[in-house]
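These notes concern the structure reproduced below.
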Amino acid sequence: MANKARGEAALTADGKCYRLLLTLGALAEIEDGLGLAAIGEMGRRLAQPRAGDLAIVAAALLRGGGHDMTPDEVLRLGCDLGALVAAVTRAFEAIGGGEGKGGPFAGATSSPSDWAP
196 MANKARGEAA LTADGKCYRL LLTLGALAEI EDGLGLAAIG EMGRRLAQPR
246 AGDLAIVAAA LLRGGGHDMT PDEVLRLGCD LGALVAAVTR AFEAIGGGEG
296 KGGPFAGATS SPSDWAP
């Protein structure tokens, strides 16, 4: 179970509950994984996200929550795409992104439901 007071978000996948947590380490991993020169570039990069971008972000947040998971493993998780995007969004909102701000995908030109094949 995720502890919202600590900034954790929950994701249920494959019948298991995972915790996502945005730590400084996770943020650095996201920067590196997306090839960003600065944190401020994240919003622009994720305005038109690829599945690989979501996997990089989610894997970093899952590692922050104590789960040793790679982006490739995230891509194989048995969960709804909308649930994964919602969990990532909640993890970013938990650090003060503000309710309903959308986290890193706030500027996305399409909704997460449009990303499914």
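Residues 196 to 312 in the numbering used here are what the sequence shown spells out, letter by letter.
All C-beta atoms, glycine included, are put in the ideal place defined by N, C-alpha and C.
Alpha carbon of residue i to alpha carbon of residue j, nearest angstrom
{"i": "valine 280", "j": "alanine 286", "result": "10 Å"}
{"i": "alanine 221", "j": "leucine 229", "result": "12 Å"}
{"i": "aspartate 317", "j": "alanine 255", "result": "Any property of residue 317 remains undetermined from this structure, which presents the chain solely from 196 to 312."}
{"i": "glycine 277", "j": "isoleucine 290", "result": "21 Å"}
{"i": "methionine 264", "j": "threonine 207", "result": "14 Å"}
{"i": "histidine 262", "j": "tyrosine 213", "result": "7 Å"}
{"i": "glutamate 316", "j": "leucine 216", "result": "The question about residue 316 has no answer, for the chain in this structure spans 196 to 312."}
{"i": "arginine 245", "j": "glutamate 226", "result": "15 Å"}
{"i": "arginine 258", "j": "valine 283", "result": "12 Å"}
{"i": "alanine 205", "j": "alanine 253", "result": "11 Å"}
{"i": "leucine 144", "j": "lysine 211", "result": "Outside the modelled stretch of the chain, which goes from 196 to 312, sits residue 144, for which no answer is possible."}
{"i": "glycine 260", "j": "glutamate 236", "result": "24 Å"}
{"i": "cysteine 274", "j": "glutamine 243", "result": "21 Å"}
{"i": "glutamate 268", "j": "glutamate 288", "result": "24 Å"}
Identity of the residue in the options nearest residue i by Cα
{"i": "alanine 160", "options": "Leu216, Ile234, Arg214, Tyr213", "result": "Since the first and last residues shown for the chain are 196 and 312, residue 160 lies out of range."}
{"i": "leucine 231", "options": "Gly261, Ala282, Ile251", "result": "Ile251"}
{"i": "leucine 249", "options": "Leu219, Gly260, Leu270", "result": "Leu270"}
DSSP state of residue i mapped onto helix, strand, coil
{"i": "leucine 216", "result": "strand"}
{"i": "alanine 205", "result": "strand"}
Integer-rounded CB distance, given that residue j should sit under 8 Å from residue i
{"i": "glycine 247", "j": "proline 266", "result": "7 Å"}
Residue i Cβ short of 6 Å to the ligand ZN heavy atom set
{"i": "aspartate 275", "result": "Inclusion of the ligand ZN in the displayed structure is not the case, the ligand content being empty and no account of it being possible."}
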